[in-house]
Amino acid sequence: MTSECSDFQDHPYLKNNINYCITCGSKLVYRSWVEGDSSKQLCCSKPNCNYVHFLDPKLATGVVTLFENKVILLKRAYNPGKNYWTFPGGFVNRGEIVEQAAKREVFEEVRIKIDIKSLLGVYSFNHEPTVLVAYVGVVVDGIPTINSESTDIKFVLSSDIILDELAFETTKAAIYDFQKIETI
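Residue numbers for the sequence shown follow our numbering, so the first one is 61 and each next one is one higher.
If you want it as structure tokens, here you go:
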């Protein structure tokens with residue numbers, strides 16, 4: 061690690077929300093943290109502390125779930141994405157296998173059990189803090205019912221889904237890919 065600090069810059073995603081080192085309390089600066097590496101991180105300004113605050117993305121999972129050959133979409137009750145549609149999904153908990161998290165999220169959000177048929181894709185975008193692992197699944201038990209995270213549910217042919225009505229870029233990309241494979 062380099063101990064030389066460049067001029068302070070705001071972190072592009074934090075807007076100056078994290079200012080001090082959790083190890084020694086010194087000011088954090090946004091700079092290259094390893095000589096020869098062009099990526100920048102929040103680094104302690106105190107020589108020899110060497111603390112680096114990495115802003116790793118959060119892992120989410122979701123399932124494009126088919127019920128009677130239609131995609132289940134939920135209208136979000138809360139921000140981010142309030143009043144926009146998405147398929148069932150959510151964050152993966154520490155120690156949880158991604159596929160198990162996907163099944164858990166579907167059960168929590170729509171009270172159904174599913175069989176995951178395939179991995180649809182892995183989606184991430186610049187300036188978005190989430191990486192989405194999306195699957196395709198089918199209902200094997202239960203009738204879809206919303207919980208308090210959603211205000212509405214609908215069952216839609218994939219070709220009728222309007223991408224601009226979806227909550228996140230990752231959701232739009234996954235549905236776009238699903239629509240392509242549905243037409244093959």
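The beta carbon of each residue, even a glycine, is placed where N, CA and C say it ideally should be.
Everything numeric in this text was worked out from a predicted model, so none of it was measured.
If you draw a straight line from the C-alpha of residue i to the C-alpha of residue j, how long is it?
i, j, result
"alanine 162", "isoleucine 176", "9 angstroms"
"glutamate 128", "isoleucine 172", "13 angstroms"
"valine 196", "serine 184", "18 angstroms"
"glutamate 156", "isoleucine 221", "31 angstroms"
"lysine 106", "glutamate 95", "17 angstroms"
"glutamine 209", "cysteine 109", "The question names glutamine, but residue 209 in the sequence shown is glutamate. Approximately 43 angstroms between the Cα atoms of the pair."
"serine 218", "isoleucine 78", "42 angstroms"
Near residue i, what residues of its chain come up, given a Cβ to Cβ distance below 8 angstroms and the 5 sequence neighbours on each side ignored?
i, result
"valine 158", "Leu119, Thr121, Val152, Val193"
"tyrosine 80", "Ser86, Lys87, Leu88"
Helix, strand or coil: which one does DSSP assign to residue i?
i, result
"isoleucine 235", "helix"
"lysine 218", "According to the sequence provided, residue 218 is serine. The question's lysine does not apply to it. Residue state, collapsed to three classes: helix."
"leucine 223", "helix"
"lysine 142", "coil"
Please confirm whether residue i and residue j have their CB atoms less than 7 angstroms apart.
i, j, result
"cysteine 104", "serine 92", "no"
"valine 166", "phenylalanine 238", "no"
"threonine 205", "alanine 137", "no"
Spatial neighbours of residue i within its chain, please: CB distance less than 7 angstroms, with the 5 preceding and 5 following residues excluded, ordered by chain position.
i, result
"glycine 141", "Ala227, Phe228"
Length-filtered (3 minimum) beta strand (DSSP E) runs lying within the region 79-105: Here the runs fully enclosed are 88-92, 100-104.
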